[in-house]
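Numbering (UniProt numbering), first residue to last: 1 to 637.
Every residue gets a Cβ at the ideal spot worked out from N, C-alpha and C, and that includes glycine.
Model, not experiment: these values are computed from the prediction.
Take a look at the structure below.
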């Protein structure tokens, strides 16, 4: 007996449908690509499930997708004989968006049609794209292995509700009928659909069929009788797994469309690599570097990884075991001849074949990126803007490839005009001054804070380049990347500023003289600042600033302390080293101050200024303001 229920859509689905119905997409024909792609996925899933339960085929192992139209009724029907859905599956999959972070996604929508359509493309809308062209959608489905009376009918006009009804369905799989809007009736034309299938679905590995009418009986040119032919379902696509074809037989357009099929991205990829390996291991890989980062790339629950096929049989999506986390943006697939068909995620986790494949695929991606950086600097900069922060996780995660990863890193520097212009470590080394031993860098809260830091004053004066780091990951990065091509990375905010051969003997003698002449000044600062600082010393790293604070050699930098505090970790007690510039007019004036109380106030004010410049904040800003006001009032008398 038929049983019908009415359900309300999940809030996010309502929002998505509203965007669909109002046609955010300028390219409406992609609805067919999405629906055919889903149908092909359903066939892949059935093929995998049938490995252990052949009865799921129900005597019909010829998997395919069929598309038919009715121009008078303005309908398109996409039918597959794949895995199908149960009643619960229909309600779950066609009434909700089963993605973590969906609410956050919709917060990112701006109302700008062009920007939002790109976001939705990254989100992956699949089935709901039907409402781009249809004002009503009817779904009839039955799960493989279930009885013919366990079919389900789902229907909605894309508003707030949908209905679910029990039906009888003789064949397994899913049939989707789109009731087109009047203004979209062009899509009910056979030839229009054939051209779309050829354009978008040629790479689908099962036949995508349309009905081809037969011909009536007729007379030939010599009067002979030509018998009538019957109509038949005919494949519109090549129906061969694209990755199994020779690279010379696949066009760039086909590679790009296949990327969109597997990634549900609506932008072309930046680059790709198609590779077949034979020998000790046999596998084929097709790897893509996207042009845009997914909106939820930093979501911990986000699934990532490659599609896994074994001997052309689809096994699973998001097989993360084949790609390290810092390359989680890579899209594509691997088809292995060496893994068992019944492989599971648990088996993959600790498998020698998996480890070997992971190493090989990692090297393949690094080679792709190296080639992109060498051949097209603009495209690589585009890649870096989207995925640079993820790549910076690499040296800590992948020690075996640390040097190669480091070669792919990019940074702003004192030799570039803005944060958007970056240099490589090889660029830096190529510009190092004669006698320079270190790669100098600074980590700060922002590009502006790094670029304007007083710690750079002497290095700027000498024309020495400094890498400007301002992303949260940077402090983590430099803790795991101590050197590159035998050049040590040296922070300008930690320990002594070791300039090595960049300083001549005369400069060193002048520094020693200055330190000796300033001994009494240093002692006064030590007395005034007391336990607030670890040490007071004369500095040569400053030219225009009275003082700065630095972390002692081997101690935590201020940026690392911030990271640990943000993570709720216990911070070991540490005090800064206070470095004073005796050549600065303020310090020289202070050196003449006879009132030790006034000297102490000025010393504390200069210390807090230095801490504010270094950390971007103070533990007690109100006391700093009070002290500053006190000194300003005193100065006005």
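query: Proximity below 8 Å, CB of residue 153 to CB of residue 176; result: no
query: Simplified DSSP assignment, three categories, for residue 117; result: Summary for residue 117: the model assigns pLDDT 49, below 50, so the residue's position carries little reliability; its value from the coordinates is reported in the next sentence. Helix at residue 117.
query: Distance between residue 217 and residue 226 (C-alpha atoms, nearest Å); result: 6 Å
query: Pair within 8 Å by beta-carbon distance, residue 534 and residue 585; result: no
query: Neighbourhood of residue 121 by C-beta distance below 8 Å, restricted to the same chain and skipping five residues each side; result: Any reading at residue 121 must be qualified, since the residue scores a pLDDT of 48, below 50, and its modelled position is unreliable; the value itself is stated next. Correct list, in chain order: 264, 265, 266 and 267.
query: Residue 532 versus 68, 610, 378 and 546, residue with shortest Cα-Cα distance; result: 610
query: Length of the line joining the Cα atoms of residue 193 and residue 235; result: 13 Å
query: Sequence-distant residues of its chain with Cβ nearer than 6 Å to residue 357 (five each side left out); result: 322
query: Where residue 83 sits in the DSSP three-state scheme; result: coil
query: Span separating the alpha-carbon of residue 303 from that of residue 390; result: 15 Å
query: Of the residues 351, 207 and 407, the one placed nearest residue 233, counting alpha carbons only; result: 207
query: Beta-carbon separation (whole angstroms), residue 626 vs residue 601, contact threshold 8 Å; result: Actually they are not in contact, since the Cβ atoms of residue 626 and residue 601 sit about 11 Å apart, beyond 8 Å.
query: Extent of the continuous beta strand (DSSP E) run through residue 232; result: 232-235
query: N- and C-terminal bounds of the beta strand (DSSP E) containing residue 211; result: 208-212
query: Residues that DSSP places opposite residue 483 in a beta bridge; result: 488
query: Bounding residues of the beta strand (DSSP E) (the contiguous stretch that carries residue 284); result: 283-289
query: Residue(s) in a DSSP beta bridge with residue 547; result: 580
query: Close-in-space but distant-in-sequence residues of the same chain around residue 213 (CB under 6 Å, 5 per side omitted); result: 231
query: C-alpha gap between residue 351 and residue 41, whole angstroms; result: 26 Å
query: Limits of the unbroken alpha helix (DSSP H) element including residue 426; result: 425-430
query: Cβ-Cβ distance between residue 495 and residue 530 below 8 Å; result: no
query: Buried or exposed (CB count within 10 angstroms, at least 16 for buried), residue 377; result: exposed
query: CB contact flag (residue 5, residue 141, <8 Å); result: no
query: Endpoints, beta strand (DSSP E) assigned at residue 309; result: 306-310
query: First through last residue of the beta strand (DSSP E) which encompasses residue 316; result: 313-319
query: Residues near residue 522 by beta carbon distance below 6 Å, same chain, minus five either side; result: 536
query: Cβ-Cβ distance between residue 185 and residue 74 below 8 Å; result: yes
query: Where the alpha helix (DSSP H) containing residue 256 begins and where it ends; result: 252-263
query: Backbone CA spacing between residue 413 and residue 262 [nearest angstrom]; result: 38 Å
query: Buried/exposed call for residue 632, threshold 16 Cβ in 10 Å; result: exposed
query: Cutoff 6 Å; reference residue 238; Cβ partners in own chain excluding five residues on either side; result: 202
query: Same chain only: Cβ atoms within 6 Å of residue 284, ignoring 5 sequence neighbours per side; result: 243, 276 and 335
query: Beta-carbon contacts of residue 337 that lie in its chain and below 7 Å, excluding the five residues immediately before and after; result: 282, 283 and 311
query: Spatial distance of residue 362 from residue 499 (CA atoms); result: 38 Å
query: Reference residue 420, options 431, 427 and 385, closest by Cα; result: 385
query: Helix, strand or coil at residue 9 according to DSSP, with G and I counted as helix; result: coil
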